[in-house]
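In my numbering, the protein residues as written are 8 to 294.
Below: the structure, in structure tokens.
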């Protein structure tokens with residue numbers, strides 16, 4: 008909250024002196040930045056950059072839910088003060104909220120150049136922007152950023168999450184499992200991150216069982232965790248597909264068929280979900 012308020016003051020106060028910028032525009036920009044500052048910490052876990060903004064519905068007159076309102080002001084700021092690292096930080100956040108990870112990465116890279124790599128939040132944000140710009144895959148530069156963040160802050164959850172992805176992509180299933188299990192132990196079961204980790208561990212278990220038995224510890228436990236999550240929150244079609252696949256790979260055909268039946272019943276009125284279930288059933292020879 009303090010960071011958000013400082014951010015508003017940091018952008019708005021200097022610009023209040025500029026005669027060519029309307030007061031209402033500044034208010035909108037300040038509110039938008041406030042929302043971005045609150046919502047940005049949830050971005051990587053939830054995968055919805057507009058989460059916080061959507062909660063502010065009813066403020067359309069101020070364009071709070073439009074990062075495009077804020078970006079021009081921040082661009083003006085960095086042009087006027089090119090060595091202001093905070094401006095580059097906020098510009099990067101605004102670009103991420105606008106679903107423009109390429110420019111977000113450029114802005115955050117500039118902030119790192121000015122500040123160095125001592126701030127794990129900044130290097131993690133940069134790494135995330137690179138991942139988003141690379142279609143969700145972790146490129147080498149992003150992996151280096153996450154590694155640097157983890158060296159400063161070993162508890163950094165986003166860095167641990169993405170480094171697990173990087174290890175899995177390299178075929179290091181044991182390393183990915185170790186990273187994610189450690190993060191899982193530090194994560195509340197009530198959070199979206201916990202659910203994402205359970206799903207990833209279930210998929211990892213399926214891959215490991217198929218190609219490298221024994222590389223991931225307690226594979227059945229991971230699948231059981233996914234099953235337990237779906238029992239409590241069954242409205243996750245993709246989660247059911249993952250569970251069906253995991254059971255099939257573990258040769259637990261009866262459980263796979265039971266999960267398939269439950270999924271079909273749960274999504275009886277959803278044609279798209281039914282298509283996904285039918286495709287999985289056919290591919291896994293469940294019927």
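Glycine included, every Cβ here is placed at the ideal spot set by N, Cα and C.
Residue closest to residue 153, alpha-carbon to alpha-carbon, out of 170, 267, 192: The residue you call residue 153 lines up with position 146 of the chain shown. Residue 170 is the option with its Cα nearest to residue 153.
Going by C-alpha to C-alpha distance, which of 275, 270, 252, 278 sits closest to residue 292? Position 285 of the chain shown, counted from the start, is the residue given in the question as residue 292. When only C-alpha atoms are compared, the closest one is 252.
Reference residue 200, options 230, 176, 167, 211, closest by Cα: Counting from one through the chain shown, the residue named residue 200 turns up at place 193. If we check each option's Cα against that of residue 200, 167 comes out closest.
For residue 234, which option in 263, 258, 180, 188 has the closest C-alpha, if you only look at C-alpha atoms? The residue labelled residue 234 in the question sits at position 227 within the chain shown. Checked all of 263, 258, 180, 188; the closest Cα to residue 234 is 263.
From residue 90 to residue 288, what does the alpha carbon distance come to, in whole angstroms? For the purposes of this step, residue 90 is taken as residue 83 along the chain shown, with counting starting at 1. For the purposes of this step, residue 288 is taken as residue 281 along the chain shown, with counting starting at 1. C-alpha separation (whole angstroms): 57 Å.
Look up residue 154 in the DSSP assignment and say whether it is helix, strand or coil. Within the chain shown, residue 154 is the residue found at index 147, counting from 1. The answer is helix: DSSP assigns residue 154 an H, G or I state.
Where does residue 195 fall in DSSP's three states? Counting from 1 along the chain shown, the entry for residue 195 is found at position 188. Residue state, collapsed to three classes: coil.
Leaving aside the five residues before and after residue 270 along the sequence, list all residues of the same chain whose C-beta is less than 6 Å from its C-beta, in chain order. Sequence index remark: in the chain shown, residue 270 carries index 263 (1-based). Excluding sequence neighbours, residue 270 sits near 247, 284.
On the CB-based measure, 16 or more other CB atoms within 10 Å of its CB, does residue 267 come out buried or exposed? For this step, residue 267 is matched to residue 260 along the chain shown. It is buried - the Cβ of residue 267 has at least 16 other Cβ atoms within 10 Å.
Beta-carbon gap between residue 144 and residue 112 smaller than 8 Å: As a first step, residue 144 is located in the chain shown; it is residue number 137 there, counting from the start. As a first step, residue 112 is located in the chain shown; it is residue number 105 there, counting from the start. Not a contact, by the Cβ cut-off of 8 Å.
Give the straight-line distance between the Cα atoms of residue 189 and residue 87, rounded to the nearest whole angstrom. As a first step, residue 189 must be located in the chain shown, where it is residue number 182. As a first step, residue 87 must be located in the chain shown, where it is residue number 80. When rounded, the distance between both Cα atoms is 44 Å.
Considering only the beta carbon of each residue, do residue 106 and residue 129 sit closer than 8 Å? Within the chain shown, numbered from 1, the residue matching residue 106 stands at position 99. Within the chain shown, numbered from 1, the residue matching residue 129 stands at position 122. No; because the gap between Cβ atoms is not below 8 Å, this pair is not in contact.
When burial is assigned at 16 or more other CB atoms within 10 Å of the CB, is residue 79 buried or exposed? Walking along the chain shown from the start, residue 79 turns up at place 72. Answer is exposed; the Cβ neighbour count stays below 16.
Taking residue 146 and residue 137 to be in contact with their CB atoms under 8 Å, please state how far apart those CB atoms are, rounded to whole angstroms. Locating residue 146 in the chain shown gives position 139, counting from the first residue. Locating residue 137 in the chain shown gives position 130, counting from the first residue. Between residue 137 and residue 146 the Cβ distance is about 6 Å, and since that is below 8 Å, they are a contact.
Is it buried or exposed, residue 100, if we count other Cβ atoms within 10 angstroms and call 16 or more buried? Walking along the chain shown from the start, residue 100 turns up at place 93. With 16 or more Cβ atoms within 10 Å of its Cβ, residue 100 is classed as buried.
Rounded to the nearest angstrom, how far is the Cβ of residue 92 from that of residue 122, given a contact under 8 Å? Numbered from its first residue, the chain shown carries residue 92 at position 85. Numbered from its first residue, the chain shown carries residue 122 at position 115. Between residue 122 and residue 92 the Cβ distance is about 5 Å, and since that is below 8 Å, they are a contact.
Please state whether DSSP places residue 160 in a helix, a strand or coil. Locating residue 160 in the chain shown gives position 153, counting from the first residue. Residue 160 falls in the coil class under three-state DSSP.
Nearest-angstrom Cα distance between residue 82 and residue 185? Counting from 1 along the chain shown, the entry for residue 82 is found at position 75. Counting from 1 along the chain shown, the entry for residue 185 is found at position 178. One C-alpha to the other measures close to 42 Å.
With DSSP as the reference, label residue 106 as helix, strand or coil. In the chain shown, the residue the question calls residue 106 occupies position 99. Three-state result, residue 106: coil.
Which stretch, first to last residue, makes up the alpha helix (DSSP H) that contains residue 279? By one-based count along the chain shown, residue 279 stands at place 272. It spans 278-290 - the alpha helix (DSSP H) in which residue 279 sits, taken as one unbroken run.
Quick one: is residue 290 near chain B, going by C-beta distance under 8 Å? Among the protein chains of the structure shown there is no chain B, as only one such chain exists.
Straight-line Cα distance separating residue 244 from residue 277: Walking along the chain shown from the start, residue 277 turns up at place 270. Walking along the chain shown from the start, residue 244 turns up at place 237. Taking the straight line from one Cα to the other gives about 10 Å.
Please state whether DSSP places residue 274 in a helix, a strand or coil. Mapped onto the chain shown, residue 274 falls at position 267. In this structure, residue 274 counts as coil in the three-state DSSP scheme.
Short Cβ contact (8 Å threshold) for residue 174 with residue 183: Taking the chain shown and counting its residues from 1, one reaches residue 174 at position 167. Taking the chain shown and counting its residues from 1, one reaches residue 183 at position 176. Taking 8 Å as the Cβ cut-off, residue 174 and residue 183 qualify as a contacting pair.
For residue 150, which residues in the same chain have their Cβ closer than 6 Å to its Cβ, ignoring the five residues on either side in sequence? Residue mapping note: residue 150 aligns to position 143 of the chain shown, counting from 1. Result list for residue 150: 173, in chain order.
At what residue ranges does the stretch 86-151 contain a whole run of the alpha helix (DSSP H), taking only runs of 4 or more? 92-104, 108-122, 127-140
Select from 155, 85, 227, 274 the residue whose C-alpha is nearest the C-alpha of residue 241. Numbered from 1 along the chain shown, position 234 holds the residue referred to as residue 241. Out of 155, 85, 227, 274, 274 has the C-alpha closest to the C-alpha of residue 241.
If you draw a straight line from the alpha carbon of residue 239 to that of residue 194, how long is it in whole angstroms? Stepping through the chain shown from its first residue, residue 239 is reached at position 232. Stepping through the chain shown from its first residue, residue 194 is reached at position 187. Rounded to the nearest angstrom, the two C-alpha atoms are 18 Å apart.
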